[in-house]
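To start, the structure under review is shown below, and the notes come after it.
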Amino acid sequence: MENCIFCKIAAGIIPSSKVFEDDRVFAFRDIHPQAPTHVLIIPKKHYADLAELDLRDQQLMGYLLHVAVKLARGEAIEQKGYRVAINCGPEGGQMVQHIHLHLLGGRELTGELG
Ligand code: AMP
Numbered sequence: 096m097e098n099c100i101f102c103k104i105a106a107g108i109i110p111s112s113k114v115f116e117d118d119r120v121f122a123f124r125d126i127h128p129q130a131p132t133h134v135l136i137i138p139k140k141h142y143a144d145l146a147e148l149d150l151r152d153q154q155l156m157g158y159l160l161h162v163a164v165k166l167a168r169g170e171a172i173e174q175k176g177y178r179v180a181i182n183c184g185p186e187g188g189q190m191v192q193h194i195h196l197h198l199l200g201g202r203e204l205t206g207e208l209g
């Protein structure tokens with residue numbers, strides 16, 4: 096997508112602090128981290144939000160979760176715990192219109208989700 100900031104990050108047009116990349120996925124550190132580890136994991140294919148997914152995308156979304164778990168291991172937050180979150184839509188707190196998983200850890204996260 097031409098005007099999507101995360102598509103541009105995945106394409107290397109906008110610089111980012113990359114932590115992982117393969118043919119389907121790109122992961123990079125959040126520019127305004129909410130925790131010592133705050134990584135965003137995105138599909139390279141553009142989906143504006145969760146509502147754009149259909150059944151054919153279940154493998155891709157499962158793979159994004161798999162990458163999140165792998166990165167949590169790499170960030171050494173697996174033992175103490177972490178959170179994976181996806182915001183959707185304005186009231187869900189989604190600011191960037193390209194599906195992304197937040198991987199948060201490295202401090203005690205509150206029980207509050209909203
Ligand atoms: P959300 O509110 O779920 O859409 O999350 C969007 C996230 O993207 C926020 O946590 C932002 O800090 C982060 N973000 C926005 N622009 C950039 C960027 N250029 N590089 C890294 N993270 C970004």
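Quick note, the sequence shown lines up with residues 96 to 209 if you use the numbering used here. Glycine included, C-beta positions come from ideal geometry on N, C-alpha and C. Bear in mind the structure is a predicted one, so any value in this text is a computation, not a measurement.
Starting from residue i, follow its DSSP beta bridges and name the residues at the other end.
i    : result
E181 : One point to set straight first is that residue 181 is Ile, not Glu, in the sequence displayed. The partner list for I181 (beta bridge, DSSP) is empty, contrary to what the question assumes.
P138 : V120
T132 : G200
For the putative contact between residue i and residue j, defined by C-beta atoms under 8 Å, what is the C-beta separation to the nearest angstrom?
i    : j    : result
L145 : C183 : 4 Å
A143 : L204 : A143 to L204, Cβ: 27 Å. No contact.
E173 : A167 : 5 Å
Report the option in the options whose CA atom is closest to the CA atom of residue i.
i    : options                   : result
P185 : A130, E173, F101 and G209 : G209
L198 : G187, E207, M190 and E170 : E170
I136 : H161, E207 and A122       : A122
E97  : K140, T132, G188 and L159 : K140
E147 : H193, A106, V120 and D117 : H193
V162 : I104, K103, V114 and P110 : V114
R178 : H133, R151, M190 and L159 : H133
G120 : E207, L155 and L204       : The displayed chain sequence assigns Val, not Gly, to residue 120. Selected option, being the one with the closest Cα: L155.
Y158 : H195, C102 and G176       : H195
D118 : A105, I181, P110 and S111 : A105
P138 : P110, D125, E116 and I126 : E116
Mind checking whether the beta-carbon of residue i lies closer than 6 Å to any heavy atom of the ligand NAP?
i    : result
T132 : This structure lacks the ligand NAP; the ligands present are the ligand AMP.
| query | Enumerated in chain order, which unbroken segments of the beta strand (DSSP E) with a length of 3 residues or greater are wholly contained in the stretch 96 to 120? | reply | 113 to 116
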